[in-house]
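So the structure is just underneath, and the comments pick up after that.
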Amino acid sequence: MPLRNKIRPHAPADRPSPQSRSIRARSRTLPASALSSWGGARLALTAFFAVDGLLFAAWVVRIPDIRNQVSASHGALGLALLCVSAGAVATMPLVSRLCLRYGSRPITVASLVLLAVSVPLPAHTHSVPALGGVLLLFGAGYGGANVAMNSAAVEIVSELGRPVMPSFHAGYSLGGLLGAGAGGLLAGTLTAAQWLAIAGLLGLAVTALAGATLLRSPAARPVGTASSSSSSSSSSSGSSSSGRTAAGAGRVLVLLLGLTAFCTAYGEGAIADWTTVHLTDDVQAGAQAAAAGYVAYALAMTTGRIGGTWLSVRLGQNRVMLLGGFTAAAGMLLAALAPLVPLALAGFVLVGLGLANLFPLAIARAGAAGGPRGVALASTLGYGGMLIGPPVIGFLADATSLPLALTTVAVAAAVAALLPLAVRRH
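Numbering (the working numbering), first residue to last: 189 to 614.
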């Protein structure tokens, strides 16, 4: 998720900007004690990303159990899952304003508390409307956490002057891997209610520990304030027209990056919500093998994000996004249409590798361009993909078949691969 000004100076495909040179110069002048303090904040924030991924994956791997509990069809389940994204998208603009007013760090802590408290609730519902209601609350916590965490991450990346954003999202993927792996292994031992309660308690414990460190760390300068003040200064010196042009170009850039996030999140949401159902119903996999599908995807995404900074430096962000989108498209076709579990798992691995850095890089560059508002706008567009993804997949599955419905993820990934070409022009 703000790497345009940090990675581009090092990437062969990108030209350095004056702002990026000033960030690098400032990072070299930071004393060792300051770097150590920011390192603590970085680790604490990575823990928040990890617990966010763990809680989401803990819910995902028990979706088949919850579906049976509420007796939902594909279409009804899709409508219930829609509430997760609806709650997230409705919350994101509010959270961006709260971050600007109170700071992104306390809002991060509050959002994770809400997410941890709400994750056990779906296991105690017995109808689709009740499930939808608690998923609205779950989605509010999830969406709020993602805007607040990414805004805090944008500030830390700016202070460090290093392209470390993919590492935060690697933490999210690692948490998802652990949540899916543990949830799958314990599927035959713990009920959904027991497992989700344990996940919620773990989330609260990590939030308390990491929150204490994050809130004690030195305050970061909000990203975007410098650019706004320089715009205002140039405006007062007679350059208001060029300032408006730059602001308009910035909004176009954020919108294009938001569309990239939209296409990527459509795929991520489909994988999260329908992987276990697809493997169980269409490939005839058992409970543990079905959970392994999401585990394989999460492991591949974690690996891709750990190497995301290195790849972005070596290849440039646009090439990473282009190659990633087409890799994900090919992998999704294989995962959706393969008749055997090993082939489907291989497809999910390719999807994870391909999608790994698309969303982080898109949100990061939007944050560099617009601060918390840029993060919120791009995230809202991004999670719009999750908003329409589950019901679209569900309705298409009822009308045709679930494997055919999942091929729409390949189309979205291909579009996400091509959008960076338009972003480069801005």
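Think of the CB as a built atom: it goes at the ideal place given N, C-alpha and C, for glycine as much as any other residue.
What you are looking at is a predicted structure, and each value in this text was computed from that prediction instead of being measured.
Can you say whether residue i is buried or exposed, counting buried as having 16 or more other CB atoms within 10 angstroms of its CB?
i: Pro548; result: buried
i: Ala600; result: buried
i: Ala134; result: The question about residue 134 has no answer here: the residues shown for the chain are numbered 189 through 614.
i: Gly577; result: buried
i: Ser420; result: No answer about Ser420 holds up, because its pLDDT of 42 lies below 50 and its placement is not dependable.
i: Leu309; result: buried
i: His357; result: buried
i: Arg289; result: exposed
i: Leu609; result: exposed
i: Phe296; result: Here the sequence assigns Thr to residue 296, which means Phe is not the residue at that position. Buried, since its Cβ has 16 or more Cβ neighbours within 10 Å.
i: Asn256; result: exposed
Among the options, which has the Cα closest to the Cα of residue i?
i: Gly622; options: Thr448, Ala387 and Gly376; result: As shown, the chain starts at 189 and ends at 614. That puts residue 622 outside it, with no answer to give.
i: Leu373; options: Gly474, Leu592 and Cys271; result: Gly474
i: Phe279; options: Ser405, Gly573, Ala336 and Asp253; result: Looking at the sequence itself, residue 279 is Thr, so the reference to Phe does not match. Of Ser405, Gly573, Ala336 and Asp253, the residue nearest in Cα terms is Ala336.
i: Ala368; options: Ala557, Leu443, Val483 and Leu389; result: Val483
i: Leu403; options: Ala610, Ala232, Cys287 and Gly438; result: Ala232
i: Val322; options: Met520, Val297, Ala480 and Trp247; result: Trp247
i: Trp498; options: Leu243, Gly457 and Val352; result: Val352
i: Gly573; options: Ala311, Pro608, Ile251 and Val277; result: Val277
i: Thr448; options: Leu286, Leu392, Thr401 and Gln505; result: Gln505
i: Val258; options: Ile494, His312, Leu270 and Leu503; result: His312
i: Leu365; options: Val471, Val537 and Val580; result: Val537
i: Val539; options: Ile551, Pro591, Arg553 and Ala524; result: Ala524
i: Leu521; options: Arg493, Val597 and Ser346; result: Val597
i: Arg250; options: Trp462, Val316 and Leu325; result: Trp462
Under three-state DSSP, which class holds residue i?
i: Val345; result: helix
i: Gly582; result: helix
i: Gln472; result: coil
i: Thr588; result: coil
i: Arg250; result: coil
i: Pro406; result: coil
i: Ala526; result: coil
i: Ala598; result: helix
i: Val603; result: helix
i: Leu544; result: Note on identity: in this sequence residue 544 is Ala, with Leu being the wrong assignment. Coil.
Residue i and residue j: beta carbons closer than 8 Å?
i: Thr395; j: Val301; result: yes
i: Leu546; j: Thr515; result: no
i: Ala328; j: Gly275; result: yes
i: Gly512; j: Leu543; result: yes
i: Gly446; j: Leu565; result: yes
Restricting to runs no shorter than 4 residues, where is the alpha helix (DSSP H) found entirely within the segment 255–317? 262–290 and 292–306
Curious, which full-length alpha helix (DSSP H) runs of at least 4 residues does the segment 315–394 contain? 316–348 and 353–373
As an exercise, report each continuous alpha helix (DSSP H) stretch of at least 4 residues that is fully enclosed by the segment 457–505, in chain order. 475–494 and 496–503
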